[in-house]
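Data first, discussion second: the structure below is written as structure tokens.
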Amino acid sequence: MQGQPNIIIPQLINAFKQSDFVSIVKALEASPALVNVDPVVVQLYGGSLRKLTEQKKAAKVFEKGLKKFPSSTDLMNSYGNFLLESGNAIKATQLFRKASSINASSFDYKYNLARSLYAEKKHREAARLGEQLLKVRPNHISLHILLAAITVEIDDVENAEAYLTSVINIDNRNVTALNNLGNLKRGQGKLIEAIQYYELALTYAVQSSADTPLLYQNLAAVIGLNGDTESSLAVYERGLSRFPTDSGLNKEYAHFAWIKNVSSPFAFFEKQLSVENADLVVVYCELMLRIGEPSKARYWLEKLIDHTDKNTSITATAQLSCALRDLGEFEAALNLSESKLKSAQGDSVALLVEKGYALLSLKKYKDAIVVFEKVCRIAPLNQGYWTLLSTAYKANGNSTKYKKLCDYQRFVHATKLLSDGETNKNFIQELKDYLSTLHNDERHPIGQSLRNGSQTFENLLDSKHQLLQSLRSALKKRAKEFIASLKTEKKHPFLSRLSDELTFIGSWSVRLRQSGFHKSHYHSEGWLSGVLYIDVPEEVNQGGNGWLCFGRPDINGLLMDEDYAIKPEAGTVVFFPSYLWHGTNAIETENQRMTVAFDIVPKQTAS
Numbered sequence: 077m078q079g080q081p082n083i084i085i086p087q088l089i090n091a092f093k094q095s096d097f098v099s100i101v102k103a104l105e106a107s108p109a110l111v112n113v114d115p116v117v118v119q120l121y122g123g124s125l126r127k128l129t130e131q132k133k134a135a136k137v138f139e140k141g142l143k144k145f146p147s148s149t150d151l152m153n154s155y156g157n158f159l160l161e162s163g164n165a166i167k168a169t170q171l172f173r174k175a176s177s178i179n180a181s182s183f184d185y186k187y188n189l190a191r192s193l194y195a196e197k198k199h200r201e202a203a204r205l206g207e208q209l210l211k212v213r214p215n216h217i218s219l220h221i222l223l224a225a226i227t228v229e230i231d232d233v234e235n236a237e238a239y240l241t242s243v244i245n246i247d248n249r250n251v252t253a254l255n256n257l258g259n260l261k262r263g264q265g266k267l268i269e270a271i272q273y274y275e276l277a278l279t280y281a282v283q284s285s286a287d288t289p290l291l292y293q294n295l296a297a298v299i300g301l302n303g304d305t306e307s308s309l310a311v312y313e314r315g316l317s318r319f320p321t322d323s324g325l326n327k328e329y330a331h332f333a334w335i336k337n338v339s340s341p342f343a344f345f346e347k348q349l350s351v352e353n354a355d356l357v358v359v360y361c362e363l364m365l366r367i368g369e370p371s372k373a374r375y376w377l378e379k380l381i382d383h384t385d386k387n388t389s390i391t392a393t394a395q396l397s398c399a400l401r402d403l404g405e406f407e408a409a410l411n412l413s414e415s416k417l418k419s420a421q422g423d424s425v426a427l428l429v430e431k432g433y434a435l436l437s438l439k440k441y442k443d444a445i446v447v448f449e450k451v452c453r454i455a456p457l458n459q460g461y462w463t464l465l466s467t468a469y470k471a472n473g474n475s476t477k478y479k480k481l482c483d484y485q486r487f488v489h490a491t492k493l494l495s496d497g498e499t500n501k502n503f504i505q506e507l508k509d510y511l512s513t514l515h516n517d518e519r520h521p522i523g524q525s526l527r528n529g530s531q532t533f534e535n536l537l538d539s540k541h542q543l544l545q546s547l548r549s550a551l552k553k554r555a556k557e558f559i560a561s562l563k564t565e566k567k568h569p570f571l572s573r574l575s576d577e578l579t580f581i582g583s584w585s586v587r588l589r590q591s592g593f594h595k596s597h598y599h600s601e602g603w604l605s606g607v608l609y610i611d612v613p614e615e616v617n618q619g620g621n622g623w624l625c626f627g628r629p630d631i632n633g634l635l636m637d638e639d640y641a642i643k644p645e646a647g648t649v650v651f652f653p654s655y656l657w658h659g660t661n662a663i664e665t666e667n668q669r670m671t672v673a674f675d676i677v678p679k680q681t682a683s
């Protein structure tokens, strides 16, 4: 590309249309003055770098371009799209607002503004803007789909379905709308309708060679939820024959095959493993660590720790450190994480956490405290980091600091679900009868705390089933009562976030069988966790069988007794901060122990 700007710029535009991004970057690096000629050159340069995944460089190009052309609304729009794709919705919103205020007639700027507001979780404002835009372009398919997604977030499922149905009326083969309708029906528990929409979406996608791993994943999952294991496995396998190295599809298939007790659930996975498929290897190793096969993980992770991709290298190193700890090689784990921290630019939270774990295993408690205090400053909302810090305090004998975080008398709250005894008993019996129909799996899910039992899928309290909606309301009422009894304390991971605006972010039922128990664990994504006892075996009255135990860490090399325990009782719900270590003693008889468990966050911090 050579000549005057009026010749070169059309050449650059043509190259961009043909996806020749490398030539654009080379041409502009050879003639850097061109970016000062026209804002479209900045768009082409930044856009090409974005396509070539050179994100930092692209950001600098856009920033410099806006300083040179501060009134270019198209440049603001391009940079906004880049930021939105990069996860910086706040700054993207600012740019789209500015572009829209300068050129109020631009549909695209306002549409992108609605997209960024949605990404910022400003759902009401996004919905209002989207409705205004729909009056201008009533047949804009992407806008209908966006509005459907927004209205789902504000619990207006009826309107979400209407938006998606409008898309089908415009284009009855629209794969996105059909898939999203499947999602809606799945969320409502209408599995047959969900299957029909997913099947249509996949059929049309295959016909246009636009099928994706997610389409197979969605269809297989909902068929499995509907109880047809063989058909579900067949759809997964169909998808894997089309996308054999897709990590998400492999992971979901392995999870499903595992809980259904299929022989060799990882066989397909293992055939695809190679250093070239690094993402797949990382996911496989994560699964191996979770099922207690650290040696299998170690074999592959040692091949990845020096991977050219920095993120892959760091993730593999953190996983390998975990594998070494599981194998009892604590010094090697510590040396590995420390070595990678020195070579990595900046602090990696994953590596710091692994370093802290190794220090705890090696009984270097003071050093562990330093590490976990730092991690908690970096990511204060992650509850798991406070768990580990509290463990370091306890191990080191810092009883005052430990009690500040783990005041069991104050923070563990047990109460009857419903105040009237007879009503509570009858309601719990109804729940028991209904939940028993949902426990159909033969094996515990991978990566979960339970052993010798089953766990339900989906978010249980999102179900529209009247019984579960009543349960949701009763649990929220009791949670609010507990929270109202506490006082706010700044900088405390639990007490600093007290609120009566609550959101359930996860809920499930667990049924433990003979020898069933929960390994001691914590909930990183929660804030307030809880468990409702539905069915409790008689043996809880002797020897502590089936009791809920707090403060007993599950860290190799670190042995500590529990600090607090609660005897389960049917109809009782127990609330506690999500960062408290909690697990159960095993039950020994053949009688089941059934619960509903859940995580809650204050609405303003809901993800």
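Its first residue numbered 77, the sequence shown is counted upward by one per residue in the numbering used here. Note that CB positions come from ideal geometry on N, CA and C, so glycine has one too.
Of the residues G606, L254, L544, Q94, the one whose Cα lies closest to the Cα of E506 is L544. Take the alpha-carbon of N617 and the one of P644: they are about 9 Å apart. The three-state secondary structure of W584, taken from DSSP, is strand.
Straight-line measurement puts the Cα of F533 at about 35 Å from the Cα of F406. In the three-state reduction of the DSSP assignment, A310 falls in the helix class. Of the candidates H597, P569, F487, F487 places its Cα closest to the Cα of E557. In terms of Cβ geometry, L363 and S323 do not form a close pair [threshold 8 Å]. Excluding five sequence positions before and after L465, the CB atoms of its chain that fall closer than 8 Å to its own CB belong to I445, F448, E449, V451, C452, L481, given in chain order. Within the stretch 128 to 211, the runs of alpha helix (DSSP H) that reach at least 4 residues and sit entirely inside it are, in chain order, 131 to 144, 149 to 162, 165 to 178, 183 to 195.
Per the C-alpha coordinates, the member of K266, V233, R318 positioned closest to S285 is R318.
Secondary structure within the stretch 400 to 458: the alpha helix (DSSP H) runs of 4 or more consecutive residues, fully enclosed, are 406 to 419, 425 to 437, 441 to 454 (chain order). Burial of Y312 is indicated by the presence of at least 16 other C-beta atoms within 10 angstroms of its C-beta. A Cβ-Cβ separation of about 44 Å leaves N302 out of contact with S437 under the 8 Å criterion. With contacts defined as CB atoms closer than 8 Å, T648 and V586 fail to qualify as a contacting pair.
Considered as a whole, the stretch 511 to 568 harbours 526 to 531 as its complete beta strand (DSSP E) runs of no fewer than 3 residues, in chain order.
In this structure, DSSP gives S654 a state outside helix and strand, which the three-state scheme calls coil. CA-CA distance, G659 to W623, rounds to 8 Å. Between the stretch 491 to 506 and the stretch 565 to 573, the count of C-beta pairs closer than 8 Å stays below three; the two stretches do not touch. Within the DSSP bridge table, the entry for S605 names F652, D675 as partners. Here the stretch 422 to 436 makes no contact with the stretch 584 to 598; the two share fewer than three CB pairs at distances below 8 Å. In this structure, F651 lies near L604, with their beta-carbon atoms less than 8 Å apart. Excluding the 5 residues flanking it on each side, N661 has same chain C-beta neighbours closer than 7 Å at F593, G620, N621, G622, W623, C625, in chain order. In this structure, the CA atom of L403 is about 33 Å from the CA atom of S583. Separation of P341 and N516 (C-alpha to C-alpha, rounded to the nearest whole angstrom) is 18 Å. The three-state reading of DSSP puts D576 in coil, since its state is none of H, G, I, E or B.
Between the beta-carbon of A270 and that of R262 there is about 4 Å, and that keeps the pair under the 8 Å contact cut. For L635, the three-state secondary structure derived from DSSP is coil. If the five residues before and after I390 are omitted, its C-beta is found closer than 8 Å to the C-beta atoms of K416, A420, S424, A426, L427, all from its own chain and listed in chain order.
Cβ-Cβ distances below 6 Å link A641 to W623, C625 in the same chain, with the five nearest sequence neighbours on each side left out; the list follows chain order. Classified as exposed, N90 has fewer than 16 neighbouring CB atoms from the shown chains inside 10 Å of its CB. The closest CA to that of G606, considering only K508, T491, D538, is found on T491. When the Cα atoms are used, K136 and P146 turn out to be separated by approximately 15 Å. Beyond the five residues adjoining it in sequence on each side, R527 comes within less than 7 Å, by CB distance, of H520, G592, F593, K595 in the same chain, given in chain order. When the five nearest sequence neighbours on each side are left out, the beta carbons in the same chain lying within less than 7 Å of the beta carbon of Q119 are those of D150, L151, S154, in order along the chain. Following the DSSP letters along the chain, one finds I246 inside the alpha helix (DSSP H) bounded by residues 233 to 246. Judged by DSSP secondary structure, K327 falls within the alpha helix (DSSP H) whose first and last residues are 323 to 335.
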